[in-house]
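Structure first, then comments.
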Amino acid sequence: MDDLSREEIIKELNRRNREKKEAREKQIRKMKQLIMIVAVLLVAVIGTIVVLAKKASNKTEKIKSKTENVTDAELVSTEETTSAAPKIEMIDDASASDAVSDDFEIRMNFVGDCCMATDLQDASEGTLLWYEQNYPTSYFFDGVRSVFEADDFTVANCENVFSDSDVPPRDKGDEIAYWFKAPTRFAKVFSDNSIEAVTINNNHTEDYGEEDFEDTKKALDAAGVDWGFRDKIIYYEKGGYKIGVVCVSYYDYDEAERILPWLEIAKENSDFQIIFFHGGTEHVFEVEEWKVDACHLMIDNGADLVLGSHPHVIQRREKYNGADIVYSLGNFCFGGNTAPEPNRTIIYGYTLKLHKNGDKVELVNREENIIPCYVYTGEYNNWQPAIIEDEDIKQEVIDYMNGELTEI
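For the sequence shown, this note's numbering gives the first residue as 891, with consecutive numbering after it.
Spelled out as C-alpha cells, the structure:
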C-alpha cells in the first residue's frame, strides 16, 4: 500500500466499505426474508391450532349434549327395562318383543242363497228386476245392512249371472229348470250393502254358459266384490291372522272327496279354513246321511268351519270334533220365487277371539251368533230380508237350528 498514492488509498477503502455495506444489506435482506417465512409459517401453525381447538370444543359440546340426553331420556328407558326384566323372565321362552301382547277379534257373517235376478230376465212389475230398475241398491238389504256394516266381512251365496250379453240360456234338458240373469250394473248390490265377498260355485252362475260366467266374475270385480270358486279362494287377513274361505259344490260323498286338494291350498296359505259348499236335496229339512259324512270329512281334513247352501231351506247346525257345521243357510234375498217357503232364514255370525303375542297370533275362542230373519216381509216377496223381532218366532228358529225341531 506504500506504493499507492493517498487518493488511490482512499478510493480503495471506499470500494471495500461499499462491498462490506452491500454484503451486510444482502445479509439483512436474507434475514428479513427468513423472518417473513418464519412469520408466515408461524401464522399458519397458529391458525391450524385455533381451528383444531374450535373443532375439539364443538365435539366436546356435542358429547356433553348427548350425555345430557342420555341422562334425561335413555337412562330412564334403561331403568324401566331393568325394572321390567323380571316380568319378561316369567314368560316361558319369550323374548322382549313377545312380551308385547294384544287381544282382538274377527267378526264374520254368512248368508245363504242371494238370487239377485229373475228367471229369464223377467222385469215385469213387482219382480226383483223391476225393483232393480226402480229402487236404489240399498233397498234390498236395508233391513239387515247394519249387521253387515258392524262386522269385518260378510260372505253370501250369489246364485245368478251378471251379464249384458245376448247369449241364450244353456240347455238343461227336459227337467224343470230356471235361468237367472241380471245386468252387470247390479253386481254392486253386494258392495253397496257391505257384503264383501260371494261364492259363485253353485248351479246357477253358469246358466248362460262360460261367456256369461266370465262376465259375472268381471262384474263382481268391477263392483269391488271378492268372489270364490274352487281354487280361487277368498282370503281375509287382520292383525296377522288369515282366514281362507273355500267355495265349492258337492252333491255326493265322492264329489266331496275330490275337493280336498283345494282345502289343502287354503291350509297352506291361511290360519283358519272355512268350507262354503253348495249341495244337497232342495226343499228338504232333514240332512242327508251322505252330506253329514261329507261335512265330517272336511273337518277331519282340517276345515275349521263348514257352511252349506242350495236346499232353499235352513238346516240344523252341529258341533263336530270342536268345529261347527251349518248344513244349510237357506234362502236369503231370493229373486227366483214370489213367495219362498218357509219364510225363515238366518244370518250366521261367527267371531274369532284372538290373542297376539309378539309375532304369534293364537285362536283363543270362537263364538256363534245366529240371527233369525224373514226372507221377506208382507204377503208376497218384496225382495228384502229383515230381522225377526218376535221373540217366540226367534226362539223357534234357534230351537230348529239346534235340532230340537224337525222342521220350521
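From the three backbone atoms N, C-alpha and C, an ideal C-beta is built for every residue, glycine too.
Check, Outcome
"Sub-9 Å separation of Leu1110 and Phe1052 beta-carbons", "yes"
"Candidates Asp1282, Tyr1264, Glu1269 and Ser1084, of which the one nearest Ala1276 by Cα", "Tyr1264"
"Cα-Cα separation between Asn1221 and Gln1205, rounded to whole angstroms", "11 Å"
"Unbroken alpha helix (DSSP H) run spanning Ile1123, endpoints", "Here Ile1123 belongs to no alpha helix (DSSP H), and DSSP marks it neither H nor E."
"Per-residue DSSP class, three states only, for Val1062", "A small correction: the amino acid at residue 1062 is Lys; Val does not occupy that position in the sequence shown. Lys1062: coil per DSSP, three-state reduction."
"Assigned secondary structure, Asn848 (DSSP; H/G/I helix, E/B strand, else coil)", "Here the chain has residues from 891 to 1298 only, and residue 848 is not among them."
"Cβ pair count under 8 Å reaching 3, the segment 1125 to 1144 against the segment 1164 to 1174", "yes"
"Boundaries (first-last residue) of the alpha helix (DSSP H) holding Ser1081", "Lys1078 to Ser1081"
"Under the three-state DSSP convention, the category Arg1234 falls into", "coil"
"Exposure label - Pro976; buried when at least 16 CB within 10 Å", "Low confidence applies to Pro976: its pLDDT is 31, below 50, so where it sits in the model is not reliable, and the reading given next is rough at best. With fewer than 16 other Cβ atoms within 10 Å, it is exposed."
"DSSP-derived helix/strand/coil call for Asp1012", "coil"
"C-beta contact flag for Arg1120 and Ile1149 at 9 Å", "yes"
"Cβ neighbour criterion (16 or more within 10 Å) applied to Glu970", "Per-residue confidence for Glu970 stands at a pLDDT of 36, beneath the threshold of 50, marking its modelled position as unreliable; the derived number appears in the next sentence. The residue is exposed, with fewer than 16 neighbouring Cβ atoms inside 10 Å."
"Beta strand (DSSP E) runs contained entirely in the segment 1150 to 1210, provided each spans 3 or more residues", "1162 to 1168, 1195 to 1199 and 1204 to 1210"
"Where Gly1225 sits in the DSSP three-state scheme", "coil"
"Glu1257 (DSSP reduced to helix, strand or coil)", "strand"
"Distance CB(Phe1162)-CB(Leu1197) smaller than 9 Å", "no"
"N- and C-terminal bounds of the alpha helix (DSSP H) containing Leu1019", "Leu1018 to Asn1024"
"Sequence-distant residues of the same chain with beta carbon closer than 7 Å to Gly1099, five excluded per side", "Val1057 and Arg1060"
"Rounded separation between Asp1012 and His1094 - CA only", "16 Å"
"Beta-carbon separation (whole angstroms), Lys1243 vs Glu995, contact threshold 8 Å", "5 Å"
"Option nearest Thr1296 by Cα separation, candidates Cys1185, Pro1230, Arg1207 and Ile1261", "Arg1207"
"According to DSSP, residues forming a beta bridge with Ala1087", "Val1045 and Asp1116"
"Proximal residues to His1202 (C-beta, below 7 Å), its chain only, five neighbours per side dropped", "Asp1003, Glu1172, His1173, Gly1220, Asn1221 and Pro1230"
"Presumed contact (8 Å Cβ cut-off) between Phe1030 and Ile1085, rounded CB distance", "Phe1030 to Ile1085, Cβ: 10 Å. No contact."
"Alpha-carbon spacing of Ile1278 relative to Tyr1125, whole angstroms", "31 Å"
"C-alpha distance - Asn1227 paired with Glu1286, whole-angstrom precision", "24 Å"
"Residue closest to Pro1151, alpha-carbon to alpha-carbon, out of Ala1113, Ala1193, Phe1080 and Asp1183", "Ala1193"
"With 16 other Cβ atoms within 10 Å as the buried cut-off, status of Glu1049", "buried"
"Nearest to Phe1076 (by Cα), restricted to the options Asp1097, Asn1091, Tyr1068 and Thr1106", "Thr1106"
"Opening and closing residue of the alpha helix (DSSP H) in which Ile1288 lies", "Glu1281 to Met1291"
"Backbone CA spacing between Gly1063 and Thr1008 [nearest angstrom]", "20 Å"
"With 16 other Cβ atoms within 10 Å as the buried cut-off, status of Glu1294", "exposed"
"Helix, strand or coil at Phe994 according to DSSP, with G and I counted as helix", "strand"
"Residue environment, Val1254, which counts as buried when at least 16 other CB atoms sit within 10 Å", "exposed"
"CA-to-CA distance, Asn1047 to Tyr1021, given in whole angstroms", "20 Å"
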